[in-house]
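Contents: one structure, followed by commentary.
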Amino acid sequence: MGDEAVIAKIKATPGQFDLSTDQIIALKQQGVPSGVIAAMLATASATAAPAASIDSPDWRVPHPAGIYLLKGEGAAAAMARIDPTTANQAKTGGMLGYMMTGGLASIKMKSVIPNAHARIHGTAARPEFYFYFDEANSSLSHGANTGSFIAGPAVTITSPNEFSLIRFDVKANRREARVGSFNIAGSKTGIMDKDRIAFSYDRVAPGVFRVRPDADLTPGEYGFLYSMSAGSGSGLYAGGVMSARVYDFAIGG
Numbered sequence: 041m042g043d044e045a046v047i048a049k050i051k052a053t054p055g056q057f058d059l060s061t062d063q064i065i066a067l068k069q070q071g072v073p074s075g076v077i078a079a080m081l082a083t084a085s086a087t088a089a090p091a092a093s094i095d096s097p098d099w100r101v102p103h104p105a106g107i108y109l110l111k112g113e114g115a116a117a118a119m120a121r122i123d124p125t126t127a128n129q130a131k132t133g134g135m136l137g138y139m140m141t142g143g144l145a146s147i148k149m150k151s152v153i154p155n156a157h158a159r160i161h162g163t164a165a166r167p168e169f170y171f172y173f174d175e176a177n178s179s180l181s182h183g184a185n186t187g188s189f190i191a192g193p194a195v196t197i198t199s200p201n202e203f204s205l206i207r208f209d210v211k212a213n214r215r216e217a218r219v220g221s222f223n224i225a226g227s228k229t230g231i232m233d234k235d236r237i238a239f240s241y242d243r244v245a246p247g248v249f250r251v252r253p254d255a256d257l258t259p260g261e262y263g264f265l266y267s268m269s270a271g272s273g274s275g276l277y278a279g280g281v282m283s284a285r286v287y288d289f290a291i292g293g
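Quick note on numbering: the working numbering labels position 60 of the sequence shown as 100, and the sequence is numbered without any gaps.
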């Protein structure tokens, strides 16, 4: 078999080769042609998986699953991973109006997350985000130890379309967002359409989505919210208040 056939086979078949300096010298001493060794080196280099990065601004570089904010420009650009927080506290507002109108006015249900400000800040009015999904598991929720999204048991998340972008009202030591309302006619649970901030996304690679708001964001506190479950209750609270996972960030400031 000629060298050309051996080289063609090496290029056509993925393989793992021991190509340490000592091993290359040993191959050469055994009479393996230089062209064959070069083909082995090229194949090993081409098939090596690139190392994952937590902050590389290049979306083509593998990142652990999660939501990232692209910050800065040029040499200063970097991805900032947004750690999630669980909003499982609830508040109500408008109780007086509800009572004064015999239940015609709505009581607002608000989801609360701790601290007045998010850890991750951006300066661009129309920031760019990247959602990295665990493509091998077809979801963002297969396990905490892998750095994946965790959305709750048996939940599959496959697209940014399953999130809502919202703005928080800032209080002294917390942030609040309306997640429902109820009155004598019934209840609504979830982010109201008028409270959602529109965004667009495109799939730039398998399991990787680029996300941008459709309009500029004014300075303030924001978050991508994924509703996990709705709590149950009785009486006025029969509609429940949902528990949610929030990927919070701030713009400006």
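A virtual CB, placed ideally from N, CA and C, is assigned to each residue, including glycine.
Annotated three-state conformation of residue 257 is coil, per DSSP. Under the DSSP assignment, residue 62 falls outside any beta strand (DSSP E), being part of the alpha helix (DSSP H) whose first and last residues are 61 to 69.
The beta carbon of residue 64 sits closer than 7 Å to the beta carbons of 77 from its chain, once the five residues preceding and following it are set aside; these are given in chain order.
Taking all protein chains in view, the Cβ of residue 256 is surrounded by fewer than 16 other Cβ atoms within 10 Å, so the residue is classified as exposed. Distance check between residue 168 and each of 210, 157, 248 and 213 places 248 closest, using alpha-carbon atoms only. Assigned with DSSP and collapsed to three states, residue 237 falls in coil, not helix or strand. A direct Cα-to-Cα measurement between residue 198 and residue 108 gives close to 16 Å.
Under DSSP, the beta-bridge partners assigned to residue 110 are 119 and 168. DSSP places residue 290 within a strand segment (E or B) once states are collapsed to three. Beta-bridge annotation (DSSP): residue 250 is paired with 170 and 242.
Looking only at 104, 215, 114 and 205, the smallest Cα-Cα distance to residue 159 is reached by 215.
In the same chain as residue 117, and ignoring 5 residues on each side of it, the C-beta atoms closer than 8 Å to its own belong to 97, 110 and 111, in chain order. Burial is judged here by how many other beta carbons sit within 10 angstroms of a residue's own beta carbon; residue 60 has fewer than 16 and is exposed.
Counting C-beta atoms within 10 angstroms of its own C-beta, residue 154 has fewer than 16 neighbours from the protein chains shown and is therefore classed as exposed. Shown here for residue 124: same chain residues with a beta carbon closer than 7 Å to its own, the five before and five after excluded, namely 285, 286 and 287 in chain order. Across the set 152, 101 and 219, the C-alpha of 101 shows the shortest separation from the C-alpha of residue 171. Taking C-alpha positions only, residue 206 is separated from residue 115 by approximately 31 Å. In the DSSP assignment, residue 204 forms a beta bridge with 265. Nearest in C-alpha terms to residue 210, of all of 261, 173, 66 and 239, is 261. When rounded, the separation of the alpha-carbon atoms in residue 122 and residue 265 is 12 Å.
Between the alpha carbons of residue 250 and residue 44 lies a distance of about 43 Å.
Apart from the 5 residues on each side of it in sequence, residue 74 sits with its Cβ closer than 8 Å to the Cβ of 68 in its chain, given in chain order. The C-alpha of residue 254 is placed about 17 Å away from the C-alpha of residue 202. One thing to note: residue 235 has its Cβ within 8 Å of the Cβ of residue 218. Distance from the CA of residue 252 to the CA of residue 81, rounded to the nearest whole angstrom, comes to 41 Å.
By the Cβ-count criterion, residue 200 is buried, with 16 or more other Cβ atoms from all chains shown falling within 10 Å of its own Cβ.
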